[in-house]
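Colleague: Following our numbering, the numbering of the sequence shown begins with 1 at its first residue and continues without gaps. For each residue, glycine too, the CB sits at the ideal point set by N, CA and C.
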Amino acid sequence: MPQHVVDAHLHLWDLNHPWYPGLQAFAEDVGKPELYSDFGLDDYAAAADGFPVDQYVHVSAVTAPRAYLEELRWVAKVAADRGVDMRFVGSVDPTLSAHDICADLDAQAAITPEFRGVRVLYGFEPDSQAARTVLRWLDDHDLVFDLTAHPETMDGWLRTLADFPNLSVVLEHTGWPTATDTEAFTAWRRAITTCAEKTSASCKISGLGMTTGALSAETLRPWVEPVVDAFGWDRVIFGSNIPIEHIGGRYVDLVDSLNTIIGDEPADEQDRFYRRNALGVYGFGQGR
Numbered sequence: 001m002p003q004h005v006v007d008a009h010l011h012l013w014d015l016n017h018p019w020y021p022g023l024q025a026f027a028e029d030v031g032k033p034e035l036y037s038d039f040g041l042d043d044y045a046a047a048a049d050g051f052p053v054d055q056y057v058h059v060s061a062v063t064a065p066r067a068y069l070e071e072l073r074w075v076a077k078v079a080a081d082r083g084v085d086m087r088f089v090g091s092v093d094p095t096l097s098a099h100d101i102c103a104d105l106d107a108q109a110a111i112t113p114e115f116r117g118v119r120v121l122y123g124f125e126p127d128s129q130a131a132r133t134v135l136r137w138l139d140d141h142d143l144v145f146d147l148t149a150h151p152e153t154m155d156g157w158l159r160t161l162a163d164f165p166n167l168s169v170v171l172e173h174t175g176w177p178t179a180t181d182t183e184a185f186t187a188w189r190r191a192i193t194t195c196a197e198k199t200s201a202s203c204k205i206s207g208l209g210m211t212t213g214a215l216s217a218e219t220l221r222p223w224v225e226p227v228v229d230a231f232g233w234d235r236v237i238f239g240s241n242i243p244i245e246h247i248g249g250r251y252v253d254l255v256d257s258l259n260t261i262i263g264d265e266p267a268d269e270q271d272r273f274y275r276r277n278a279l280g281v282y283g284f285g286q287g288r
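1. Would you report the Cα separation of E70 and N166, rounded to the nearest angstrom?
2. Flag this pair as yes or no: are the beta carbons of E245 and G209 separated by less than 8 Å?
3. Mind reading off the beta-carbon distance from R291 to I111? Whole number of angstroms is fine, and I expect it under 8 Å.
4. Please name the residue, chosen from V228, G207, E225, R221, that lies closest to Y251 on a Cα-to-Cα basis.
5. Among all the DSSP beta bridges, which residues are the ones paired with H58?
6. With 16 other CB atoms within 10 Å as the buried threshold, where does L15 fall?
7. If contact is defined by three or more beta carbon pairs under 8 Å, each pair taking one atom from either stretch, is the region 90–105 in contact with the region 40–57?
8. Distance, Cα to Cα, A67 vs S128?
9. Identify which residue in F284, D42, V228, T174 has its Cα closest to the Cα of S240.
10. If I measure Cβ to Cβ from K198 and keep anything under 7 Å in the same chain, skipping five residues before and after, which residues do I get?
11. Note down the Cα distance separating S216 from A98, rounded to an integer number of angstroms.
12. Please classify G287 as buried or exposed, where buried requires at least 16 neighbouring CB atoms within 10 angstroms.
13. When you compare each of D234, W13, W19, I261 to H269 by their alpha carbons, which one comes out closest?
14. Contact check, G117 vs L147 under 8 Å by CB: the rounded distance?
15. Going by other Cβ atoms of all chains shown within 10 Å of its Cβ, with 16 needed for buried, is S168 buried or exposed?
16. Can you tell me which of the three DSSP states D271 falls into?
17. With which residues is S168 paired in a DSSP beta bridge?
18. Using the beta-carbon count (16 or more within 10 Å), is K204 buried or exposed?
19. Could you have a look at F51 and say whether DSSP puts it in helix, strand or coil?
20. Since I believe R87 is in contact with E114 (beta carbons under 8 Å), could you give me their beta-carbon distance rounded to a whole number of angstroms?
21. Using C-beta distances below 6 Å, list every residue in its chain close to P33, excluding the 5 sequence neighbours before and after it, in chain order.
22. Return the first residue and the last residue of the beta strand (DSSP E) that S257 is part of.
23. Give the range of the alpha helix (DSSP H) segment to which I237 is assigned.
24. Can you round the beta-carbon distance between L23 and V75 to whole angstroms, since I take them to be within the 8 Å contact cut?
25. Using C-beta distances below 7 Å, list every residue in its chain close to E183, excluding the 5 sequence neighbours before and after it, in chain order.
26. Which residue marks the beginning of the alpha helix (DSSP H) containing G209, and which one marks its end?
27. In whole angstroms, what is the alpha-carbon distance linking I261 and V170?
28. Using the DSSP secondary-structure output, state which residues sit across from K204 in a beta bridge.
29. Report the partner residues of F39 according to the DSSP bridge assignment.
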């Protein structure tokens, strides 16, 4: 068990705000209707059940147009009111003009000095003007691109990212495999290996429960170990993806399985994974 943890991927939501119109349908589709409920810091602490998380990266998951602006104001206030050490990954609407995308990015950076980057879930193509606008802005501001790429889109993203060699990139959700059959696993492994070889990106080991539907060590090991082999201990980052990861099981199940898989590794390497790599990438201790 690590002594100190940065959770580099979590979500909080208050359903009194109309920011998540797709969440209820998603929760029902995956057979977890309980996901459609408020999830705050107290709920997180209860789910973590003593896992020693000291610092957090909140990642926007809004689906209402441009709701990321109000969500960031809300969650930054929640963190400040509770004295929680949190950084924030926002989003943009890729259908906006380049001018309006940059305006929304500027607005998010102005909301909190702990704004650290962007991820875009839907409608964000690697060869689009929107993608290049976002990557250029992040590069200019020395902020992080949280890359949402499935194996089938990885080559396109690698071509685009080649034009931004100094951009800080974090590949989300373990390269986000789309299925667990042999063909899908082979495509996923090729994609993460190519990403590791052709970029300096880090990889969040997170989100596997969305694909596997389970969080046992036996289930996760074939996905976790190839990522560590490909990226090395200097470029892997822990993320819980809570509460979405409840699709696969409990937070404590995830923690127990990771301990089974990597718990015998040297303490320094575990500390890189659970804490130090995220501290560097997301700029903890660096006010802007």
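Modeller: In this structure, then:
1. 30 Å
2. yes
3. No statement about residue 291 is possible, as the shown extent of the chain runs from 1 to 288 and does not include it.
4. G207
5. L10, F88
6. Label assigned to L15: exposed.
7. no
8. 22 Å
9. T174
10. L158
11. Roughly 44 Å separates the two Cα atoms.
12. With a pLDDT of 42 at G287, under the threshold of 50, the modelled position of that residue is not reliable, and the figure given next carries that caveat. With fewer than 16 Cβ atoms within 10 Å of its Cβ, G287 is classed as exposed.
13. Per the sequence shown, the amino acid found at residue 269 is Glu instead of His. The candidate whose alpha carbon is nearest that of E269 is D234.
14. At roughly 10 Å, the Cβ-Cβ gap does not stay under 8 Å, so G117 and L147 are not in contact.
15. buried
16. helix
17. V144
18. buried
19. coil
20. Indeed, because the Cβ distance is near 5 Å, the residues count as touching under 8 Å.
21. A27
22. No beta strand (DSSP E) holds S257; the alpha helix (DSSP H) holding it covers 251–262.
23. Taken as a continuous stretch (DSSP letters only), I237 belongs to no alpha helix (DSSP H), being part of the beta strand (DSSP E) at 236–238.
24. At roughly 15 Å, the Cβ-Cβ gap does not stay under 8 Å, so L23 and V75 are not in contact.
25. Within the same chain, E183 has no close Cβ partners at all.
26. 208–212
27. Near 22 Å, if we compare the C-alpha coordinates of V170 and I261.
28. I237
29. W13
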